[in-house]
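Beneath this line is the structure, given in structure tokens, with notes to follow.
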Amino acid sequence: MEFKSTDILVRQSGSNESIWLSERLIISVCGLEDTYLKVARIRYKKTVRACDLAKAKDFMPDSGKSWRWGKQSGQFYYCINNIPNKAPKNYRNHFGDSEALKDAYKVSCKSKEDTNLETRFKKHLSLVSRQYAEFYKEANEIQRIALSKACSVLDFILDEKDDYPGTANKIYKDLSPIISDLDLQYIPHHYLKLKEKITLLETTDKAIVDIIHLPRTGNNNAEIYNDPEVFSWVMQLRSMPQNFSNEHIIRKVSDLCEMTTKKTPSRRWFGQTILELPKTQFLTGLKRFGASSSKSHIHKSYIPFQTALFAGDCWEMDATRVNMISHEGKVTYIDKNGDEKTKKVEKYIIVVAVRDVHSGDILGYSFDYDENHVVYLEAMKMAVQNAGYLPHEWVTDRFPGHNTPQMTNFFERIESLGVTMTFSSHANKKAGIERWFRTLQSVFLMDSAYFYGEGIKSRTVYAHRSAEYLKRIKKEAKKTGWDLQANIDEASVHIEKYRNTSFSKYSRKHSTVHSSPAQLHEYSEKPHVNFIPESTISMLFGLRKEITLKSNGQFMTEFVGVEFDYMVSPSYYDIISNYFNKKVVITYDLNDLSVVFLWEKNGNLLISLCEAEFFEKVQNKGKNPQLDKISQAKARANAIAEMKENELASMIGEDASMMGMYTDKKAITAFEDSFNDDSYSVPLKKASGDDYSPEDIEDIILRNTSQNY
Numbered sequence: 001m002e003f004k005s006t007d008i009l010v011r012q013s014g015s016n017e018s019i020w021l022s023e024r025l026i027i028s029v030c031g032l033e034d035t036y037l038k039v040a041r042i043r044y045k046k047t048v049r050a051c052d053l054a055k056a057k058d059f060m061p062d063s064g065k066s067w068r069w070g071k072q073s074g075q076f077y078y079c080i081n082n083i084p085n086k087a088p089k090n091y092r093n094h095f096g097d098s099e100a101l102k103d104a105y106k107v108s109c110k111s112k113e114d115t116n117l118e119t120r121f122k123k124h125l126s127l128v129s130r131q132y133a134e135f136y137k138e139a140n141e142i143q144r145i146a147l148s149k150a151c152s153v154l155d156f157i158l159d160e161k162d163d164y165p166g167t168a169n170k171i172y173k174d175l176s177p178i179i180s181d182l183d184l185q186y187i188p189h190h191y192l193k194l195k196e197k198i199t200l201l202e203t204t205d206k207a208i209v210d211i212i213h214l215p216r217t218g219n220n221n222a223e224i225y226n227d228p229e230v231f232s233w234v235m236q237l238r239s240m241p242q243n244f245s246n247e248h249i250i251r252k253v254s255d256l257c258e259m260t261t262k263k264t265p266s267r268r269w270f271g272q273t274i275l276e277l278p279k280t281q282f283l284t285g286l287k288r289f290g291a292s293s294s295k296s297h298i299h300k301s302y303i304p305f306q307t308a309l310f311a312g313d314c315w316e317m318d319a320t321r322v323n324m325i326s327h328e329g330k331v332t333y334i335d336k337n338g339d340e341k342t343k344k345v346e347k348y349i350i351v352v353a354v355r356d357v358h359s360g361d362i363l364g365y366s367f368d369y370d371e372n373h374v375v376y377l378e379a380m381k382m383a384v385q386n387a388g389y390l391p392h393e394w395v396t397d398r399f400p401g402h403n404t405p406q407m408t409n410f411f412e413r414i415e416s417l418g419v420t421m422t423f424s425s426h427a428n429k430k431a432g433i434e435r436w437f438r439t440l441q442s443v444f445l446m447d448s449a450y451f452y453g454e455g456i457k458s459r460t461v462y463a464h465r466s467a468e469y470l471k472r473i474k475k476e477a478k479k480t481g482w483d484l485q486a487n488i489d490e491a492s493v494h495i496e497k498y499r500n501t502s503f504s505k506y507s508r509k510h511s512t513v514h515s516s517p518a519q520l521h522e523y524s525e526k527p528h529v530n531f532i533p534e535s536t537i538s539m540l541f542g543l544r545k546e547i548t549l550k551s552n553g554q555f556m557t558e559f560v561g562v563e564f565d566y567m568v569s570p571s572y573y574d575i576i577s578n579y580f581n582k583k584v585v586i587t588y589d590l591n592d593l594s595v596v597f598l599w600e601k602n603g604n605l606l607i608s609l610c611e612a613e614f615f616e617k618v619q620n621k622g623k624n625p626q627l628d629k630i631s632q633a634k635a636r637a638n639a640i641a642e643m644k645e646n647e648l649a650s651m652i653g654e655d656a657s658m659m660g661m662y663t664d665k666k667a668i669t670a671f672e673d674s675f676n677d678d679s680y681s682v683p684l685k686k687a688s689g690d691d692y693s694p695e696d697i698e699d700i701i702l703r704n705t706s707q708n709y
């Protein structure tokens, strides 16, 4: 009976020991065929109870029937106690006593086990190691010899392990001290590590020379763990707009690995392989922070632009809170019973500013509690009145009320006068005024006792004033009557300080500019602007009212409940006559009601007619009647009446003398007088530009000359 190392298994179950014979040994001893044993296995399995069968793993439970079997390492084994011994075959008797069989197996394995294993191993090393030297040409001579010997160790184990007696680990345990004594390099000395190398050879398509190599060759710790799915999870979490922290991402991915039974990478792997790499920041930065975040500007491209070359090329307009302490205000609200009630609240003001890009001058500004189209319109009006012209481009954001009918009509009118309106909520589109808000706070409002500090996002050490100081200054402000008007006056003072302070006084960047923003705006050429008269400013920004023109160009109207009388000059006789009893639009400014302007409506636009001057009601009662004003009014009325008669006479002409007995003597006489009287002349109508003085004309000529050359 010839034994192999895998022919007999001894299984221990509690205090009971069972011997199992391999199918190879039974076939060779009993002369059976594998088909017979296959049928025997099927029959035996049917004899096992279902409940016991469910608990069974590799070895069948004992049902008392023949050919109890089991399977291990791809081989079938049969329990010696269940081998049938019926005549005439008597299969069980072929193996004899169990103890004697086990002793014979041990003796056989012992004889096969070469007592001079070290000698055989050394002989194998000397013969085979030279064959692997050609694969390590890049290593030096000493390393090449050591690597070749390490390869021959694995080659020896592959040749011996199948027929080596004992357990599966025995050959590794026996070789481990021999390898240690020989001090072989580049091969593990511990038997388990040595076994891992063989397992890697058997389970992969790698060759021996792929496993044996110099230490740290091609080693990259960041790429040891390279599961693409885990890498994808990390990149997805990093690019999400929730802006998760690194620790949160690591915890989430670790949980996902545990749920999917994946190996969890080390914490350092996340940083070295993904999170700390510049490429990861480059790919995910914009999605992580958002396009409008201050942290995302380094992730976006930009186009460098020059500033405006001339004053009036571009105006920027925006609003911001005035960082001064609050004042008490009243608000009205509806209570649960539907009654109106008022309560005191703390209020802050905002400022809307219009800034010239070239000079940096603040041409107009207005204050309110919140942003609305009225406060924006007031700031625009102030800017145009101060400058006396309309800019080439006006940049603003879509402020509350920008799409109301009043504002859309205003934008249509201003664009008809050559202004390009640009609406953008992007801070970079109006970067100049955004930067000016910071200058106003950090340079000029610093002088104010009521300044509470910069915005909450500011991280400079001087950004905010102490809580104790603010508490004290609030008490003092309340005693001195700090209210809305005081707040506006204080803010206006510091804005005007900015306008009249030279840049070199506070700016290192502009240390050589010794002019203030207001001076730069005044000195600068303005070749691309549209200079407009007061009437156009009134048309754009003034309040409107519709009246009927009667009484020879006189009319009375009410403003805020007060009656005002206006008269059109006889110089505008054609307007008085052609628009008699017709509705016209008047524009006016409540801050200056001495003059109103008359317009003819044409869709959303207005056609200029003339102006009308305020006429104060004459006091003709009492001791000192205003006779001079009465004379002025009568002279105006007489002049219009005379022009009316002359125009009528010129229309009737000489045809009136041909009507015989129906001829009106007065009419024909008036015609003859108007024809023969050389000394009489019709008053000249007011011409365009007649209100310009010689000095104004000289300035215009000089300005145009400087613009063209």
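Residues in the sequence shown are numbered from 1 upward in steps of one, following full-length UniProt numbering.
Note that CB positions come from ideal geometry on N, CA and C, so glycine has one too.
Predicted model only: the values in this text are computed from it and were never measured.
Leaving aside the five residues before and after residue i along the sequence, list all residues of the same chain whose C-beta is less than 8 Å from its C-beta, in chain order.
i    : result
S129 : I145, S148, K149, C151 and S152
V29  : M1, H94 and F95
W67  : L37, A40, R41, R43, Y44, Y78, N82, I83 and P84
H494 : L440, F444, L445, D447 and S448
S558 : The question names Ser, but residue 558 is Glu in the sequence shown. Here the set comprises F564.
S504 : H510, S511, T512, V513 and H514
W233 : K252, V253 and L256
N420 : It should be noted that the sequence gives Thr, not Asn, for residue 420. So the qualifying residues of the chain are H392, E393 and W394.
N581 : T548, L549 and K550
Grab me the residues of residue i's own chain with a C-beta within less than 6 Å of its C-beta, minus the 5 sequence neighbours each way, in chain order.
i           : result
K295        : F289
D136        : For the record, residue 136 in the displayed sequence is Tyr; it is not Asp. If we look at Y136 and ignore the five residues flanking it on each side, its Cβ neighbours are R144 and L147.
K545        : I586
Y709        : Bear in mind that a pLDDT of 38 at Y709, under 50, signals an unreliable position, so the number given afterwards is only what the model happens to contain. Closer than 6 Å at Cβ, skipping near neighbours: no residue.
K71         : D58
residue 713 : This structure leaves residue 713 out entirely; the chain is present only between 1 and 709.
So, for residue i: in the same chain, excluding its five sequence neighbours on each side, which residues have a beta-carbon less than 7 Å away from its beta-carbon?
i    : result
S98  : I19 and I80
I325 : Y450, Y452, L470, I473, K474 and A477
R398 : F423 and S425
N552 : I576, A637 and I640
E141 : none
M60  : Y44, K45, V48, R68, W69 and G70
Taking only the alpha-carbon atoms, compute the straight-line gap between residue i and residue j and give it to the nearest angstrom.
i    : j    : result
T548 : T587 : 14 Å
H392 : A463 : 37 Å
E434 : S538 : 30 Å
D114 : L127 : Unreliable placement is indicated for D114, whose pLDDT of 49 sits below 50; the coordinate value is still reported in the next sentence. Distance between the alpha carbons of D114 and L127 is about 19 Å.
Y105 : F3   : 6 Å
Y680 : E642 : Confidence is the limiting factor: at Y680 the pLDDT is only 47, short of 50, which leaves the residue's position unreliable, though a coordinate-based value still follows. Roughly 12 Å separates the two Cα atoms.
E229 : T280 : 16 Å
I171 : Y164 : 7 Å
I187 : L158 : 15 Å
I607 : Q385 : 20 Å
F270 : L53  : 47 Å
Hey, could you find the ends of the beta strand (DSSP E) residue i is sitting in?
i    : result
Y588 : K583 to D589
Y186 : First-last for Y186: undefined, no H or E at that position.
I607 : L605 to F614
R321 : C314 to R321
K601 : D592 to N602
Quick test of your reading: residue i and residue j, contact by CB under 8 Å. State the CB separation rounded to the nearest angstrom.
i    : j    : result
D589 : G542 : 5 Å
T273 : R238 : At roughly 12 Å, the Cβ-Cβ gap does not stay under 8 Å, so T273 and R238 are not in contact.
D361 : P517 : 4 Å
V595 : E611 : 5 Å
D370 : I350 : 6 Å
M407 : H373 : 5 Å
H358 : A311 : 5 Å
I414 : L605 : The Cβ separation is near 11 Å, so there is no contact.
From which residue to which residue does the alpha helix (DSSP H) around residue i run?
i    : result
F76  : That residue, F76, is in no alpha helix (DSSP H); its beta strand (DSSP E) goes Q75 to C79.
D181 : K170 to L182
I576 : Y573 to N578
D255 : N246 to M259
V230 : P228 to S239
Quick check on residue i - is its C-beta less than 8 Å from some C-beta in chain B?
i    : result
A449 : Annotation note: the requested chain B is absent from the structure, which comprises a single protein chain.
Legend entry - Length at least 3, wholly inside the stretch 402-450: the beta strand (DSSP E) runs in chain order: Counting only runs of 3 or more, we get 420-423.
Legend entry - 4 or more residues per run - each alpha helix (DSSP H) lying fully within the stretch 35-115: 50-55 and 98-112
Legend entry - Completely contained alpha helix (DSSP H) runs for the stretch 343-404, where each covers 4 or more residues: Listed in chain order, the complete alpha helix (DSSP H) runs (minimum 4 residues) inside the stretch 343-404 are 373-387.
Inset, instruction - Could you name each continuous alpha helix (DSSP H) segment of 4 residues or more that falls completely within the stretch 533-562, going from the start of the chain to the end? - result: 534-541
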